[in-house]
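Comments concern the structure below.
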Amino acid sequence: MKHLIIGTAGHVDHGKTALVKALTGIDCDTHKEEKSRGITINLGFSQLELPGGETAGIVDVPGHKDFIKTMVAGAYGIDLVMLVISADSGIMPQTREHMRIIEMLGIRKAVVALTKTDLVDEETLELARLEVLEFLEGTVFENAPVTGVSVITGAGLEGLREALADELEAIRPRDDSGNFRLYIDRLFNVRGIGYVVTGTALSGKLQAGQEVFLLPGSRKKIKVKGLQRHGAEVDRIHAGDRAALNLSGLKAGEFTRGMLLSGEPLRETQMVDASIRVFEKWTAGTWTEVLFYSGTFECLARMHLLDKDRVGPEGSALVQLHLQSPAILLRRDKFILRNSANDLTVGGGTVLDNRPLHHRKRTAGLLEELRLLERSVLEKGGLSGLMAVELKKINRPVTENELAEFMTRPAKDIAEESQKGLPEEVRIYAGREGKLLIHKSPDGRYRKIIVHALEAWHKKYPVFPQGMDTGELAGKMGFAGGTSGRQYTEALLEQLHSEGRVRKEGNTWALKEHRPVIDQKTQDDLQWLEQEIRSCGLEMSALKDLEIIARERNIHGEALKMMLVYLAREGKIHFRGKEILHAPVIEESRKRLLKALLGRPRGINEKEFRELVGGTKRSVQLLLNLFLEEGIVRKETFYVYVTEKGREQAGD
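Once you know that position 56 of the sequence shown is 36 in my numbering, the rest is easy, because the numbers rise by one and skip nothing.
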């Protein structure tokens, strides 16, 4: 089943409402029938029976401002326009304005009804037809059928029905796989039923019993108790349906015009990047105030031109719109612009980015990105370009699922697009849990961070062949938490390794060209330092004491720490914080403890251990902690026992 909406357009008094009544039998100007039919939609709405038993909704437009607030209500809501032109008046200013708006809303199908044919002769009717054909020439509607009708005599009504049916038949069914969105154009309270809202489903589908969010606002969940489509109770509505929804949990005070119902809690915005086209008789400067209309939402906005200083009649521009009120807008949403006095429709456009960065400066790089964005949004198959733009904004690595969430797109679409191939601006890394995507700009920055961090490390510790481990480098890039950043760091290091930029040294990473530098003085200083630590035995060397005597050899702060780290990495000492012990001393203590424990099933306490090795209370506590970390002993209350690992190490 197709879910289609016909919208009327045309100059005031050209007979739009009378024609709808003649076609459907429903008078869209009366309130009486609406009240008698409960929650059915009648005001400005009716339905047309089509061949085959299907119906199409009709949204009637009673006046110019209502056209803005009703027909613009959901650019995706209308599939076909029935342009009504009186045969005795012909093309009027409002006819032209309506047509510009229709085109701007992205509507591509039309049928022209030449009304009031009973008031003109054949020659005048033919002249009117030729005027219409000339008017449509060069537009997307130049091949639209033109049918003369009279609601007084009934002449031409059947031909108009057939023309509408033929055009609707050529329209492809909507894709309703996305998130459900419906702009609310009316809210009323029905006795015994509760609050009911009406609108046109812009996207997705909705089932009775589901919960929706009223946006923008508190993101409160509201349950859908019942649904009607074209006045009939249904279990489900789809994109393109004109519907009424009976809601549970909604209060009248929570609703203001411009809000919508959504299946997901979409983020609100007060700034969008957009592509606009200006109509005749208007010129805009770098910053211009306009009235912004999208769906039933309207507010004042300041328009910042990004690619030029002025845009004149019939011109186009890339802009950033700063909205006075929060809105729910998505990429590809259409909008209409009126002047701030609200007496002239000046243009319209398409949302390119609903969460842009604030463009304070108009740079060449920004314009290049915006033009790529415009092509990606306005052309079919532009998802890969949109992904590149979004990744540039995110400015860090993300999984495909994370990117889908940022873009409000199904995860499968993102996965399929990255499988096909992405623009060269996008880098793809293989993470442990799937693909990681990042824009080339932050990727290049992170590469520099790694290289600079390793350069600084090698400069600080020139004696080490080793470098920094993965966790340390992840921290340098700001990825202290989260799995995506850590996985990206791992993948990036592997990539740098394959490119010959870094090498693996044990559990660390070092620059490929780095070679440890140990001159004769450093060799002598290292031997002296090791001897000093060895001479202290289990008394433990205090770092502050070492610093004092090291200064006598012209060894200062950082150089001393570098030498201590070197000796520790070489396995000659234990150095952690302020803990310093000679490795052979630790080994001797380990052997003594294990030998003693093998002969004492009851274990030994800390005092006995101290007497056994002859150390201080502090050094014995350090040794005990080390041996517990190694897993060769275990501790219960005050006693220490040998483990199986300890027995194996002792050769028992």
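Don't be surprised by glycine CBs; every beta carbon is placed ideally from N, CA and C.
If you're wondering where the values come from, they're calculated on a predicted model, not measured in any experiment.
Local conformation of residue i per DSSP, three classes
i, result
"tyrosine 441", "coil"
"asparagine 22", "With a pLDDT of only 40 at asparagine 22, under 50, the local geometry of the prediction cannot be trusted, and no value is derived from it."
"arginine 533", "coil"
"proline 545", "According to the sequence shown, residue 545 is valine rather than proline. Note: valine 545 maps to helix in three-state DSSP."
"glycine 451", "helix"
"isoleucine 82", "helix"
"glutamate 479", "coil"
"leucine 309", "coil"
"glutamate 147", "helix"
"leucine 87", "A small correction: the amino acid at residue 87 is isoleucine; leucine does not occupy that position in the sequence shown. Three-state DSSP puts isoleucine 87 in coil, outside helix and strand."
"glycine 54", "Caution is warranted here: a pLDDT of 42 is assigned to glycine 54, below 50, making its placement in the model unreliable, and no coordinate value can be reported."
"phenylalanine 115", "helix"
"arginine 466", "helix"
"isoleucine 132", "coil"
"serine 228", "strand"
"threonine 97", "helix"
"glutamate 213", "strand"
"tryptophan 262", "coil"
"leucine 186", "strand"
"threonine -3", "helix"
"phenylalanine 589", "helix"
"serine 69", "coil"
"glycine 365", "helix"
Between the CA atoms of residue j and residue i - distance to the nearest angstrom
i, j, result
"alanine 281", "leucine 309", "14 angstroms"
"serine 242", "lysine 185", "10 angstroms"
"isoleucine 374", "arginine 141", "51 angstroms"
"histidine 477", "alanine 539", "29 angstroms"
"isoleucine 58", "leucine -16", "7 angstroms"
"arginine 627", "glycine 579", "11 angstroms"
"isoleucine 430", "glycine 461", "17 angstroms"
"phenylalanine 259", "glycine 295", "8 angstroms"
"alanine 307", "threonine 249", "5 angstroms"
"arginine 355", "aspartate -7", "40 angstroms"
"arginine 514", "leucine 561", "8 angstroms"
"threonine 20", "arginine 222", "Model confidence at threonine 20 stands at a pLDDT of 31, short of 50, so the residue's coordinates are unreliable; what they give is reported in the following sentence. Whole-angstrom Cα-Cα distance: 10 angstroms."
"glutamate 624", "isoleucine 612", "7 angstroms"
"aspartate 505", "alanine 630", "35 angstroms"
"arginine 340", "phenylalanine 459", "29 angstroms"
"lysine 558", "leucine 603", "14 angstroms"
"valine 170", "arginine 237", "19 angstroms"
"glutamine 475", "glycine -13", "56 angstroms"
"aspartate 287", "glutamine 446", "51 angstroms"
"serine 157", "serine 421", "33 angstroms"
"glutamine 511", "isoleucine 566", "15 angstroms"
"serine 305", "leucine 353", "25 angstroms"
Which residues DSSP lists as bridging residue i, in chain order
i, result
"valine -8", "In DSSP, valine -8 forms no bridge with anything."
"glutamine 74", "Answer by DSSP bridge pairing: none, since glutamine 74 is not bridged."
"isoleucine 418", "Arg407"
"valine 622", "Val613"
"alanine 281", "Val270 and Leu303"
"asparagine 319", "Val270"
"glycine 179", "Ala223"
"tyrosine 163", "Leu240"
"threonine 634", "No information on residue 634 is available, as it lies outside the stretch -19 to 632 that the chain covers here."
"aspartate 253", "Gln300 and Asp333"
"glutamine 208", "Glu213 and Ala224"
"isoleucine -15", "Gly37"
Whether residue i touches residue j by CB criterion (9 angstroms)
i, j, result
"tryptophan 508", "methionine 448", "no"
"phenylalanine 618", "glutamate 586", "yes"
"leucine 240", "alanine 264", "no"
"threonine 379", "glutamate 413", "yes"
"leucine 417", "tyrosine 409", "yes"
"methionine 72", "alanine -11", "no"
"leucine 244", "threonine 469", "The question names leucine, but residue 244 is glutamate in the sequence shown. Not in contact: glutamate 244 and threonine 469 (Cβ atoms no closer than 9 angstroms)."
"methionine 283", "glutamate 269", "yes"
"serine 464", "glycine 537", "no"
"alanine 321", "serine 255", "no"
"threonine 330", "tyrosine 163", "no"
"lysine 68", "leucine 113", "Residue identity differs from the one stated: residue 68 is aspartate in this sequence, not lysine. No."
"threonine 75", "phenylalanine 115", "yes"
Closer than 8 angstroms: residue i CB and nearest the ligand FMN heavy atom
i, result
"leucine 350", "The ligand FMN is not among the ligands present in this structure, which contains no ligands whatsoever."
Problem - Inter-stretch contact (C-beta, 8 angstroms, three-pair minimum) for the segment 227 to 242 and the segment 189 to 208 - result: Output reads yes: the segment 189 to 208 touches the segment 227 to 242.
Handout entry: the segment 509 to 522 in contact with the segment 593 to 611 per 3-pair CB rule at 8 angstroms
Key = Yes, the segment 509 to 522 is in contact with the segment 593 to 611.
Exercise for the section: Evaluate contact between the segment 309 to 327 and the segment 75 to 89, counting only Cβ atoms and requiring at least three cross-stretch pairs below 8 angstroms. Expected result: With contact defined as three or more Cβ pairs closer than 8 angstroms, the segment 309 to 327 and the segment 75 to 89 are in contact.
Practice task
Please determine if the segment 169 to 188 and the segment -7 to 2 are in contact, where contact requires at least 3 C-beta pairs separated by less than 8 angstroms.
Solution key: Counting Cβ pairs under 8 angstroms, fewer than three are found: no touch.
Exercise for the section: Evaluate the contact criterion for the segment 187 to 199 versus the segment 137 to 152: three or more CB pairs, one atom per stretch, below 8 angstroms. Expected result: Taking a cut-off of 8 angstroms on C-beta distances, the segment 187 to 199 does not touch the segment 137 to 152, as fewer than three cross pairs fall below it.
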